[in-house]
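Quick note: the sequence shown, position 143, residue 125 per the numbering used here, numbers continuous. Cβ coordinates follow ideal geometry from the N, Cα and C atoms, glycine included. Take a look at the structure set out below.
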Amino acid sequence: MNLQIKLLALFFLGTLLVAITSCNKEKESWEWCNECQSDFISGSYEGIASHTRYVDSSNFIETKNKDAYVNIMDNGSTMTVQSGVINLFALTVSGQFQQTYYIEMGNNSMRFSATIWRKDNEVKLVGSAQKFNSNVELTEILEFEVFKTE
-17 MNLQIKLLAL FFLGTLLVAI TSCNKEKESW EWCNECQSDF ISGSYEGIAS
33 HTRYVDSSNF IETKNKDAYV NIMDNGSTMT VQSGVINLFA LTVSGQFQQT
83 YYIEMGNNSM RFSATIWRKD NEVKLVGSAQ KFNSNVELTE ILEFEVFKTE
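Printed below as a string of structure tokens:
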């Protein structure tokens, strides 16, 4: 009986050891980049975007999975953001960056809006660049997910 208890305990410990060592560490997930400094997010980004151009109030042309870029330049008191898809869409806006988890800047004719995500030293932006007509109606939108390359 003593041998059975020892074998059972050994089996239990072996099973426990296998279970513990086979557990995968959970991968780090993306988090909002709270209190990000402008120098941390400045640089070039590349990724994928979908572009929609509105022909009129009920018709539009949509292009998906295009190579997109975002360039962020810190000019001291202001930040300039360029975004687009080559030969399809381009937008440049400047404004104040509030050192938070998002970028929001533009005017009545164009707007750039993105959430800043961070995983260790990696940075990604998820958002949109929009153009409006003189009646402040949306004419084009670029929805993107881009990753910092430099």
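**Message:** Taking only three categories from DSSP, how would you classify Phe71?
**Reply:** strand
**Prompt:** Out of curiosity, what's the CA-to-CA distance linking Gly29 and Cys15?
**Reply:** 19 Å
**Request:** Could you tell me the distance, in whole angstroms, from the CA atom of Lys113 to the CA atom of Arg35?
**Result:** 9 Å
**Item:** Close-in-space but distant-in-sequence residues of the same chain around Met87 (CB under 6 Å, 5 per side omitted)
**Value:** In chain order, Val75, Gly77 and Phe94 place their CB closer than 6 Å to the CB of Met87, counting only its own chain and leaving out the 5 sequence neighbours on each side.
**Request:** Give the range of the alpha helix (DSSP H) segment to which Asp21 is assigned.
**Result:** Segment Ser20 to Ile23, the alpha helix (DSSP H) holding Asp21.
**Request:** Mark Val118 as exposed unless 16 or more other C-beta atoms lie within 10 angstroms of its C-beta, in which case mark it buried.
**Result:** exposed
**Message:** Considering just the uninterrupted stretch of the beta strand (DSSP E) at Val52, what are its terminal residues?
**Reply:** Phe42 to Asp56
**Alpha carbon of Gln81 to alpha carbon of Cys18, nearest angstrom** = 5 Å
**Span of the beta strand (DSSP E) around Phe129** = Leu120 to Lys130
**Request:** Quick one: grab the DSSP three-state call for Tyr83.
**Result:** coil
**Asked** Going by Cα to Cα distance, which pick from Gly25, Thr121, Leu70 and Met61 is closest to Asn90?
**Response** The shortest Cα separation from Asn90 among Gly25, Thr121, Leu70 and Met61 belongs to Thr121.
**Item:** Three-way DSSP call (helix, strand, coil) for Thr60 in this model
**Value:** Coil, per DSSP.
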